[in-house]
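The sequence shown lines up with residues 25 to 111 when you count with this note's numbering. Backbone N, C-alpha and C fix where the C-beta goes; we use that ideal spot for every residue, glycine too. Here the structure is a predicted model, which means the values were calculated and not measured.
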Amino acid sequence: MNNTKTFATDNLALAPFLFNKGLKFMNTEIGIGKNNRKKVFFIFEDPKSVGKELEMSFMRSDEYKYKTTLHYFRNQIKLAQENDRRI
Numbered sequence: 025m026n027n028t029k030t031f032a033t034d035n036l037a038l039a040p041f042l043f044n045k046g047l048k049f050m051n052t053e054i055g056i057g058k059n060n061r062k063k064v065f066f067i068f069e070d071p072k073s074v075g076k077e078l079e080m081s082f083m084r085s086d087e088y089k090y091k092t093t094l095h096y097f098r099n100q101i102k103l104a105q106e107n108d109r110r111i
């Protein structure tokens, strides 16, 4: 019987953060996420049960601010391209 404690996330930006904070990546699994849609989950070995704490740390981090800002600017590119096609 395997009693390994794990932490799972479907957040692609969080996964490398967890890895860089020392959680051992184990594998990916397909599961059901929000709205009963299939999602890919990243599974990490989490023997000290720190995954949730690290997730909260990520949400307050500069890395998270960078990620959200990057998404904002990526969206601005898409909007500019859509507007250019209309002209």
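8 Å Cβ shell around residue i - same chain, five flanking residues per side excluded
i: Met25; result: The pLDDT assigned to Met25 is 46, lower than 50, so where the model puts this residue is not dependable; a value taken from the coordinates is nonetheless given after this. Within the same chain, Met25 has no close Cβ partners at all.
Rounded straight-line distance, which links the Cα of residue j to that of residue i
i: Ile56; j: Val64; result: 8 Å
i: Ile101; j: Leu36; result: 21 Å
i: Thr16; j: Ala39; result: Missing from the structure shown is residue 16; the chain here goes from 25 to 111 and no further.
i: Thr93; j: Asp86; result: 10 Å
i: Arg61; j: Glu53; result: 14 Å
i: Arg84; j: Gln105; result: 32 Å
Distance CB(residue i)-CB(residue j) smaller than 8 Å
i: Phe68; j: Gly75; result: yes
i: Lys48; j: Leu78; result: no
i: Tyr88; j: Phe82; result: yes
Where residue i falls, given that 16 or more other Cβ within 10 Å makes a residue buried
i: Asp70; result: buried
Close-in-space but distant-in-sequence residues of the same chain around residue i (CB under 6 Å, 5 per side omitted)
i: Ala51; result: It is worth fixing the name first, because residue 51 is Asn in this sequence and not Ala. So the qualifying residues of the chain are Ile67.
Cβ shell of residue i (< 7 Å), same chain only, five flanking positions each side left out
i: Ser73; result: Lys29
Jot down the residue ranges of each uninterrupted beta strand (DSSP E) in the segment 50 to 78, minimum 3 residues, whole runs only, in chain order. 62 to 69
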